[in-house]
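Below you'll find the structure, written out as structure tokens, and then a few comments.
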Amino acid sequence: MSDRISRILKKEKFSKADIVKLLQTNKEERQLLFAKANEVKKEYVGLKTYYRGLIEFSNICAKDCYYCGIRAGNKNVRRYDISDEQILQAVKFAYDNNYGSVVFQSGERMDKQFIERIEQLLIKSKNITNGKIGITISLGEQSSETYKKWYNAGAHRYLLRIESSNKELYYKIHPQNAKHDFDTRLKALYDLQKIGYQTGTGVMIGLPFQTFEHLADDLLFFKAFDVDMVGMGPYIEHTETPLYHHRLLLLPLEERFILTLKMIAILRIMMKDINIAAATALQAIDPIGREKAIKVGANIIMPNITPTINREDYQLYENKPCIDEGADECTNCLEARIGISGDDIGYGEWGDAPHFKNRKKTDLYNI
Ligand code: SF4
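Counting the sequence shown from 1 gives a position; this note's numbering is that position plus 98.
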């Protein structure tokens with residue numbers, strides 16, 4: 099059995115059938131996969147993990163994704179929007195603590211006031227850090243003009259998760275309407291790449307209705323799209339969401355966790371020089387979940403530096419970890435954890451994916 103997996107792991111390129119087999123590996127076989135992913139990581143991006151200080155500055159959202167605890171339709175959420183001063187303080191904290199980069203994340207809004215506010219925040223964040231802080235944004239689907247505006251204001255990486263690259267599955271986890279249109283999301287990803295962002299996407303793993311074939315297609319989608327970064331984590335159900343009704347279709351949490359590690363490991367082998375995040379959702383299942391992901395190919399970790407008082411209100415899924423630890427505690431705890439996983443921390447570095455420089459500058463609109 100293990101021979102079959104060893105043979106696949108020696109291939110230059112995985113077929114969909116190969117990926118499905120790797121996703122179905124048993125306990126013994128998956129050790130081969132994990133060891134190979136760690137080797138590839140060491141050779142292509144080094145055994146180094148980079149920080150992105152995560153600022154979840156608002157949970158106000160205009161959308162209604164079926165899996166999300168802070169969707170507009172959930173009236174039981176206490177909505178918050180932290181002040182610009184608090185956001186900039188968090189940026190300064192990241193800079194002073196040598197994080198290298200921050201991530202701005204919030205619910206999705208496309209109104210003029212929001213767009214201009216972000217532009218100003220990006221400019222100010224660069225000013226107060228002498229242009230040194232790297233900025234990733236994760237603020238959903240926007241027009242190409244807005245993406246350009248934010249790029250010119252100082253953001254250089256953008257994370258927009260597709261959640262599932264399969265259109266049919268996408269509409270099982272999102273309403274089928276103009277606000278949640280699959281093709282609009284794809285176009286947004288193309289726009290980001292064309293403008294010059296280091297572009298990231300990702301999916302949820304272990305969704306109801308999801309098959310191994312869907313997951314294999316997700317990995318092939320990342321490859322075909324030539325992404326620079328991927329953030330993917332296990333799906334964790336939230337009681338106050340429509341998708342919760344399908345919870346009986348779910349794999350046990352531990353299996354979703356292992357499947358996520360396998361996805362990370364396979365992706366590292368397929369796309370050797372990209373950045374892969376160890377999602378916080380992994381830690382909601384296993385206290386050292388993110389460290390396990392680092393050992394099998396991930397190289398980015400996003401410590402939460404949102405003011406603690408607001409963290410419990412930003413729960414896309416339940417049992418989110420670290421919602422009551424201050425940013426300082428978070429830093430100390432992480433440093434120790436990453437040390438255990440064998441990686442160094444890329445303090446003070448942006449930690450851009452080598453892939454961005456290496457990838458061909460093709461016009462993806464023509465593919
Ligand atoms: S996943 Fe994002 S866009 Fe969808 S409802 Fe939640 S916060 Fe809003």
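Yeah, the Cβ is synthetic: ideal placement off N, Cα and C, and Gly gets one too. Owing to the predicted nature of the structure, the values given are computational and were not obtained by experimental measurement.
Compute the Euclidean distance between the alpha carbons of residue i and residue j, then round it to the nearest angstrom.
{"i": "I231", "j": "L347", "result": "43 Å"}
{"i": "A170", "j": "K134", "result": "43 Å"}
{"i": "F310", "j": "I303", "result": "10 Å"}
{"i": "F307", "j": "L267", "result": "7 Å"}
{"i": "Y295", "j": "S236", "result": "12 Å"}
{"i": "K146", "j": "D442", "result": "5 Å"}
{"i": "A466", "j": "A276", "result": "Nothing can be reported for residue 466: it is not among the residues displayed for the chain, which extend from 99 to 465."}
{"i": "E243", "j": "D326", "result": "22 Å"}
{"i": "Y415", "j": "K140", "result": "32 Å"}
{"i": "N373", "j": "F323", "result": "15 Å"}
{"i": "R207", "j": "D101", "result": "51 Å"}
{"i": "W448", "j": "G198", "result": "5 Å"}
{"i": "N136", "j": "N124", "result": "18 Å"}
{"i": "A219", "j": "A251", "result": "It is Leu, not Ala, that sits at residue 219 in the sequence shown. Straight-line Cα distance between these residues: approximately 9 Å."}
{"i": "T299", "j": "I103", "result": "28 Å"}
{"i": "I226", "j": "Y249", "result": "18 Å"}
Is the Cβ-Cβ distance between residue i and residue j less than 9 Å?
{"i": "V143", "j": "A314", "result": "no"}
{"i": "A188", "j": "Y149", "result": "no"}
{"i": "I403", "j": "V138", "result": "no"}
{"i": "D194", "j": "K222", "result": "no"}
{"i": "L365", "j": "G387", "result": "no"}
{"i": "P340", "j": "Y164", "result": "yes"}
{"i": "N172", "j": "E338", "result": "yes"}
{"i": "I392", "j": "G444", "result": "no"}
{"i": "L186", "j": "K360", "result": "no"}
{"i": "G205", "j": "A253", "result": "no"}
{"i": "D411", "j": "R259", "result": "no"}
{"i": "P419", "j": "P385", "result": "yes"}
{"i": "H336", "j": "C166", "result": "yes"}
{"i": "A363", "j": "I398", "result": "no"}
Over the uninterrupted beta strand (DSSP E) stretch that includes residue i, give me the two end residues.
{"i": "R255", "result": "255-257"}
{"i": "M330", "result": "327-332"}
{"i": "Q296", "result": "296-299"}
{"i": "V200", "result": "199-204"}
{"i": "I374", "result": "373-376"}
Taking 8 Å as the line, does the beta carbon of residue i fall inside it for any heavy atom of ligand 1?
{"i": "R169", "result": "yes"}
{"i": "L414", "result": "yes"}
{"i": "E206", "result": "yes"}
{"i": "G238", "result": "yes"}
{"i": "N402", "result": "no"}
{"i": "D279", "result": "no"}
{"i": "G161", "result": "Note that residue 161 is Lys in the sequence shown, not Gly. Yes, the Cβ of K161 comes within 8 Å of a heavy atom of ligand 1."}
{"i": "Y269", "result": "no"}
{"i": "Y342", "result": "no"}
{"i": "Y165", "result": "yes"}
{"i": "N157", "result": "yes"}
How would you write the range of the alpha helix (DSSP H) that residue i sits in, first residue to last?
{"i": "V118", "result": "114-121"}
{"i": "K455", "result": "452-456"}
{"i": "L152", "result": "That residue, L152, is in no alpha helix (DSSP H); its beta strand (DSSP E) goes 151-156."}
{"i": "F323", "result": "310-323"}
{"i": "T282", "result": "280-293"}
{"i": "T234", "result": "Careful: T234 lies outside any alpha helix (DSSP H), inside the beta strand (DSSP E) at 232-236."}
Buried or exposed: residue i, going by 16 or more other Cβ atoms within 10 Å of its Cβ?
{"i": "K114", "result": "exposed"}
{"i": "H272", "result": "buried"}
{"i": "S379", "result": "The amino acid occupying residue 379 in the given sequence is Ala; Ser does not appear at that position. With 16 or more other Cβ atoms within 10 Å, it is buried."}
{"i": "T460", "result": "Unreliable positioning characterises T460 in this predicted model, as indicated by a pLDDT of 48, which lies under 50. The coordinate reading is nonetheless provided below. By the neighbour-count rule (16 or more Cβ atoms within 10 Å), T460 is not buried but exposed."}
{"i": "L107", "result": "buried"}
{"i": "D209", "result": "exposed"}
{"i": "R255", "result": "buried"}
{"i": "E261", "result": "buried"}
{"i": "N264", "result": "buried"}
{"i": "G437", "result": "exposed"}
{"i": "D289", "result": "buried"}
{"i": "S241", "result": "exposed"}
{"i": "T358", "result": "buried"}
{"i": "T234", "result": "buried"}
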